[in-house]
Amino acid sequence: MIFEFCLTIFLVGLTIKATKRPHNFPPGPRGLPLLGYLPFLSSWDPQYPHKAMKKISEVYGPVVGMYFGPSKPIISVCGHEAVKEALHNEDLDGRPYIPAALGRTFGEHLGLMFVMGQFWQEQRRFAMRHLRDLGFGKTSIEDQMTDELGDLIKDIENESELDPERIVDLKGIFQVSVINILWAIIAGERFQRNDPKFQELLRANEMMFRAGNPVRGNIPIPAFVLKHFRFAREFIGIKSELIKPFQKFVQVTIDDHQQQNPCEGEARDFIDVYLKEMNKQKDENPSTNFTNKQLISMITELFGAGAESTSSSIGFAIIHLIRDQQAQQKMQIELDQVCGQFFPTLNHRSSLPYTEAVLMEAQRCSTIAPFAVPHSAVKDTHIQGYTIPKGSVVLLNLDAVLQDSKYWKDPEVFRPERHLNEDGTKVIKSDHFYPFGLGRRMCLGDSLAKNTYFLFTAALIKKFRFEPVENEPLPSLNPKIGFTLGYQGFKAVVTPRS
Ligand code: HEM
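Printed below as a string of structure tokens:
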């Protein structure tokens, strides 16, 4: 009897705590004691958490507050005004504790994406400055990009010739070339397309990204549970067995650089630059943040972000153009008129408004990072007048902005013309278009990504005609879920254009 009474009091206490919200907390659905609202999320959309959050927002408003677990506030932000305000609020520049992310950085707060404060500012500033000098966003690596593109085109041509119906499997085909461009900047090397070790790394990288989940990753599962229960690790996307070979490969690359003694010669790539800084700081600053582990963590993140996102964007653009043959032809006509018999270069870009509009529209319709990277509140702050308690996880729904019917007429329709002025000669820059985020946490690789995305997609469309395979469903636009969204593998009839 006493036990039952105590249990009832305990459960009532828990329920009150679970349903009690801080003063001025954003409106939102209430959940179960201990579990919060998480078990109900999939009832809004069983597959895609960003769509579920958007539907919840239609009921509660642009800023929604809820709990996952007994005490972890999750703030979902959907409308453009609220998302833009949050992206520019420096109190929201933190990153939450995400066990799956820590699993990639030796269990320590290292790397670039999930660190914050002074450590983040120092490492981001250093990376930005040197990656820019080494070619991010510069035409100086255009030759490298063109070489990679040449190899990719040869590969597609060979595959197309080998098949009597010219059907080519385009699953994962863009990744090697895209990563080679980044790897030349980071390590001064390129991978052979068919190198089995490299293929293994790419596969491991893709599996890590697909295993991640921007919502589940935030569940506050205690470290001891994660340590002892494999299912708990898998549920939130920790794949330690995949990261180890990757870290080992990066370490060997760093060791090779060290043996070549970069400290005396001119730095050739990012690893050289970082090793020089490590060496300098070792003597001057005993508590330096420039360490071997930090270099490995940074490279792992850059490789992951670079390999997946840009090649997914190229893949989605090709899928949209297979599904919309008219847009593909329009783009080809423009490319032929402006570039003649040559491949498009970065200098052609401003004279290719339709091509630019196609690229923007593919990014708008198929968001790669629907929640950006989760932010967190470093202190109590506000969004749209609501109080956001310190430590809240803030999910900024970029996809909801890019799909909002308030700013985009028929948002579900692929229509490149919406990004052009009336006579189609100029691209209209919209205030509501920011697939790379905004503010201080904005994507660090946006300039490299934009150039690669443009050069590859434009050259492929100029060189080939991509058509659906007869008697097969059209390539799917439903993304593969993961830390970022990727395209499903697809096949197409690929014919060289004369
Ligand atoms: C089309 C391709 C890409 C898209 C759409 C994209 C988008 C994004 C977005 C939305 C964010 C989060 C911004 C925020 O949290 O507010 C982000 C962060 C980041 N991206 Fe990208 N990205 C792309 C390519 C790349 C590439 C090629 C690299 C590097 C090689 C890269 C490196 C990063 C890094 C390091 C961050 C974390 C920045 C920080 O936390 O300070 N991204 N990206």
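Under mature numbering (1 follows the signal peptide of the UniProt record, and there is no 0), the letters of the sequence shown match residues -18 to -1, 1 to 480, in that order. Where a beta carbon is used, it is the ideal one built from N, C-alpha and C, also for glycine.
Return yes when the C-beta of H91 is under 7 Å from any heavy atom of the ligand HEM, and no when it is not.
H91 Cβ: outside cutoff for every heavy atom of the ligand HEM.
Please say whether R331 and E338 have beta carbons closer to each other than 8 Å?
It is a contact, given that the beta carbons lie within the stated cut-off.
Tell me whether P417 counts as near the ligand HEM, meaning its Cβ is closer than 7 Å to at least one heavy atom of that ligand.
Yes, since a heavy atom of the ligand HEM falls inside the 7 Å radius drawn around the Cβ of P417.
Which runs of the alpha helix (DSSP H) fall wholly inside the stretch 260 to 337 and span at least 4 residues, in chain order?
Segments of the alpha helix (DSSP H) lying fully in the stretch 260 to 337: 274 to 305, 307 to 321.
Using only the alpha-carbon positions, how far apart do P373 and I300 sit?
As written in the sequence, residue 373 is Gly, which differs from the Pro given in the question. Computed Cα separation, rounded: 40 Å.
Among K37, Y19, L20, G18, which residue has its Cα nearest to the Cα of residue 505?
Limits of the chain in this structure are -18 at one end and 480 at the other, which puts residue 505 out of reach.
With DSSP as the reference, please indicate the residues paired to L14 in a beta bridge.
Partner(s): G18.
So E104 and R422 are in contact, right, with Cβ under 8 Å, and what is the actual spacing, rounded?
Rounded, the Cβ-Cβ distance is 13 Å, inconsistent with contact.
Tell me whether the beta-carbon of T349 lies closer than 8 Å to the beta-carbon of L277.
Not a contact, by the Cβ cut-off of 8 Å.
Mind checking who A354 pairs with in its DSSP beta bridge?
Paired residues: P352.
Can you tell me where the beta strand (DSSP E) holding I138 begins and where it ends?
I138 -> not in any beta strand (DSSP E); alpha helix (DSSP H) instead, spanning 124 to 144.
Would you give the residue range spanned by the beta strand (DSSP E) that G419 belongs to?
Looking at the DSSP string, G419 is not in any beta strand (DSSP E), and its letter there is neither H nor E.
Is there at least one non-hydrogen atom of the ligand HEM closer than 7 Å to the beta-carbon of G13?
No, since every heavy atom of the ligand HEM falls outside the 7 Å radius drawn around the Cβ of G13.
Would you say E404 and L94 are within 8 Å of each other, going by their C-beta atoms?
Contact flag unset, no.
To the nearest whole angstrom, what separates the beta carbons of E449 and V475, a pair I think is in contact under 8 Å?
Correct: roughly 4 Å between the Cβ atoms.
Would you say V255 touches the ligand HEM, meaning its beta carbon is less than 7 Å from a heavy atom?
No, the Cβ of V255 stays beyond 7 Å of every heavy atom of the ligand HEM.
Could you tell me whether any non-hydrogen atom of the ligand HEM is closer than 7 Å to the CB of H357?
Yes, the Cβ of H357 comes within 7 Å of a heavy atom of the ligand HEM.
Is E106 near the ligand HEM, with its Cβ less than 7 Å from a heavy atom?
The amino acid at residue 106 is misidentified as Glu; the sequence shows Arg. Indeed, a heavy atom of the ligand HEM lies less than 7 Å from the Cβ.
If you follow the alpha helix (DSSP H) that L378 is in, where does it begin and where does it stop?
It is not in any alpha helix (DSSP H) - L378 instead sits in the beta strand (DSSP E) that spans 375 to 378.
Please indicate yes or no: does the CB of G464 lie closer than 7 Å to some heavy atom of the ligand HEM?
Outside the cutoff, so no.
Would you say the beta carbon of Y469 comes nearer than 7 Å to a heavy atom of the ligand HEM?
Not under cutoff, so the answer is no.
Whose CA, out of A169, F228, S159, lies closest to the CA of N187?
Minimum Cα distance to N187 is reached at F228.
Should the stretch 287 to 303 be called in touch with the stretch 155 to 168, which here means at least 3 C-beta pairs below 8 Å?
Touching, per the Cβ criterion.
Suppose you measure from the CA of residue 483 to the CA of M280; what does that come to, to the nearest Å?
This structure gives no information on residue 483, because the portion of the chain shown stretches from -18 to 480.
Provide the residue span of the beta strand (DSSP E) that contains S58, from first to last.
Per DSSP, S58 belongs to the beta strand (DSSP E) from 54 to 59.
Given that a residue counts as buried once 16 or more other Cβ atoms are within 10 Å of its Cβ, and exposed if not, what is H5?
H5 is exposed by the Cβ-count criterion.
My guess is that I370 and I57 are in contact by the Cβ rule of under 8 Å, so how many angstroms apart are they, rounded?
Confirmed, Cβ separation roughly 6 Å.
Can you tell which of L430, I(-10), F180 has its C-alpha closest to the C-alpha of L116?
When only C-alpha atoms are compared, the closest one is L430.
Between the stretch 304 to 317 and the stretch 109 to 126, can you find at least three pairs of beta-carbon atoms closer than 8 Å?
With the cut-off at 8 Å, the stretch 109 to 126 and the stretch 304 to 317 do not touch.
Buried or exposed: T477, going by 16 or more other Cβ atoms within 10 Å of its Cβ?
Its Cβ having fewer than 16 others within 10 Å, T477 is exposed.
Cβ atoms of A382 and C60: under 8 Å apart, would you say?
The answer is yes: Cβ separation under 8 Å.
Measuring CA to CA, which of R175, T235, L328 is closest to I253?
I253 has its Cα closest to that of T235, out of R175, T235, L328.
Apart from the five residues just before and just after R114, which ones in its own chain have a Cβ nearer than 8 Å to its Cβ?
Cβ neighbours of R114 beyond the five flanking positions: K120, S429.
Does the distance from the CB of F88 to the CB of K275 come in under 8 Å?
Yes, Cβ-Cβ distance for F88 and K275 is below 8 Å.
From the DSSP secondary-structure annotation, give me the bridge partner or partners of K462.
Note: K462 sits in a beta bridge opposite G468.
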